[in-house]
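Below: the structure, in structure tokens.
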Amino acid sequence: MSVLIVIPARYASSRYPGKPLVALKGADGQSRTLIRRSWEAACKVKGVDRVVVATDDDRIRTEAEGFGAEVVMTSETCQNGTERCAEAHDVLGGGYDIVVNLQGDAPLTPHWFVEALVAGLRSDATADIATPVLRCDGRALNGFLEDRRAGRVGGTTAVFGAGGHALYFSKEVIPYTGRTFDDEEATPVFHHVGVYAYRPAALSAYPGWATGPLETLEGLEQLRFLEQGRRVLCVEVEARGRDFWELNNPEDVPRIERMMAAMGMV
229 MSVLIVIPAR YASSRYPGKP LVALKGADGQ SRTLIRRSWE AACKVKGVDR
279 VVVATDDDRI RTEAEGFGAE VVMTSETCQN GTERCAEAHD VLGGGYDIVV
329 NLQGDAPLTP HWFVEALVAG LRSDATADIA TPVLRCDGRA LNGFLEDRRA
379 GRVGGTTAVF GAGGHALYFS KEVIPYTGRT FDDEEATPVF HHVGVYAYRP
429 AALSAYPGWA TGPLETLEGL EQLRFLEQGR RVLCVEVEAR GRDFWELNNP
479 EDVPRIERMM AAMGMV
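Start counting the sequence shown at 229; every next residue gets the next number (our numbering).
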């Protein structure tokens with residue numbers, strides 16, 4: 229099955245304008261832009277036929293082509309990364325069996341997360357989309373709960389049923405556990421990681437669906453699939469000692485740089 233990775237990137241982020249061009253310093257002290265580090269992460273994924281950056285901004289295009297990435301120009305009307313991936317796949321003429329959305333603000337995404345998603349879709353013919361989840365230990369869960377008590381929106385959590393098929397995703401901490409956990413103790417709460425692998429038919433249909441009330445309330449693009457009755461496969465992955473974090477706000481830059489330094493990532 230042929231696999232295309234699309235890295236959606238836009239300049240006009242409401243929370244962090246120009247985010248794809250922000251420089252991140254690696255463990256060797258050298259700085260590379262966020263979009264370059266995301267592209268390098270995508271290039272490490274095994275079994276991929278093509279990697280492209282999808283953007284609507286010439287500044288991002290110039291930067292990406294400068295380090296050797298293939299760029300697909302998409303419209304400014306894309307509302308989220310999934311819509312941009314759908315347009316990019318269409319611009320390229322389609323023909324891929326699996327399209328991966330490796331978001332341009334997640335340069336620490338391990339390659340085995342994406343490989344697990346592709347394998348998940350290959351093994352589950354009923355799934356329209358696959359996305360990774362990590363089981364929280366007590367430390368991670370307590371961090372999520374503390375964020376919510378402080379009025380901060382932390383990570384997204386996922387609940388799923390038989391066969392790993394998603395029931396819901398939320399910025400609240402679900403399911404309710406009713407107890408506390410030790411730092412190293414496994415919990416029944418799963419952290420959702422914002423990477424997606426789609427079947428082309430579901431991806432191409434996505435932009436034509438109206439945004440539903442759940443997607444509007446939660447601000448989570450994957451809920452549109454659930455609201456349309458599509459099957460989302462949650463694939464449990466392991467961190468293998470790796471830290472990861474998405475770059476959403478300026479204050480995330482030093483945090484990610486500390487993670488990169490600790491992991492020896494150049």
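For each residue, glycine too, the CB sits at the ideal point set by N, CA and C.
Counting only the same chain and skipping the five closest in sequence on each side, list residues whose C-beta sits under 6 Å from that of residue i.
i	result
Asp325	Met229, Ser230
Ser278	In the sequence as presented, Ser is not what sits at residue 278; that position holds Arg. So the list reads Leu232, once near-sequence residues are dropped.
Met493	Gly254, Ala255
Lys272	His339
Tyr396	Val387
Pull up the CB-CB distance for residue i and residue j, whole angstroms please, since I reckon it's below 8 Å.
i	j	result
Ala282	Pro236	5 Å
Gly422	Gln331	6 Å
Pro267	Ala297	The sequence shown places Trp at residue 267, not Pro. Confirmed, about 5 Å.
Thr385	Ile402	5 Å
Arg289	Met301	7 Å
Leu336	Phe453	With 8 Å as the limit, Leu336 and Phe453 do not qualify as a contact, their Cβ atoms being about 25 Å apart.
Asp411	Gly447	Not really, about 29 Å apart at Cβ, beyond 8 Å.
Gly440	Glu455	4 Å
When DSSP labels each residue in this structure, what does residue i get in the three-state scheme?
i	result
Arg363	strand
Ala394	strand
Phe388	strand
Cys271	helix
Leu232	strand
Arg350	helix
Asn476	coil
Met493	coil
Lys399	coil
Cys313	helix
Val381	coil
Arg289	helix
Thr415	strand
Leu262	helix
Ala251	strand
Ala344	helix
Arg486	helix
Val481	helix
Glu466	coil
Ala237	strand
Starting from residue i and walking both ways along the alpha helix (DSSP H), at which residues does that stretch end?
i	result
Leu451	451-455
Arg243	From DSSP, Arg243 is part of no alpha helix (DSSP H); its letter is neither H nor E.
Leu431	428-433
To the nearest angstrom, how far is the alpha carbon of residue i from that of residue j?
i	j	result
Glu474	Ile484	8 Å
Arg555	Leu451	Residue 555 lies beyond the range of the chain shown here (229 to 494); nothing can be said about it.
Asn476	Phe372	16 Å
Val328	His317	10 Å
Gly383	His419	7 Å
Gly379	Leu320	42 Å
Met488	Arg260	12 Å
Val280	Val234	5 Å
Ala394	Ala490	33 Å
Gly309	Ser303	12 Å
Ala429	Gly294	33 Å
Gly391	Ala347	14 Å
Gly323	Gly275	16 Å
Leu445	Asp333	22 Å
Arg264	Ala292	7 Å
Arg312	Phe341	21 Å
Which residues mark the beginning and the end of the beta strand (DSSP E) in which residue i is found?
i	result
Ala438	That residue, Ala438, is in no beta strand (DSSP E); it is neither H nor E in DSSP.
Val421	Looking at the DSSP string, Val421 is not in any beta strand (DSSP E), and its letter there is neither H nor E.
Val299	298-301
Asn329	326-330
Ala282	278-283
For residue i, which residues from the same chain have a beta carbon less than 7 Å from its beta carbon, with the 5 sequence-adjacent residues on both sides left out?
i	result
Leu362	Phe418, His419, Val421, Val465, Ala467
Pro478	Tyr244
Glu443	Glu449, Leu451, Arg452, Glu455
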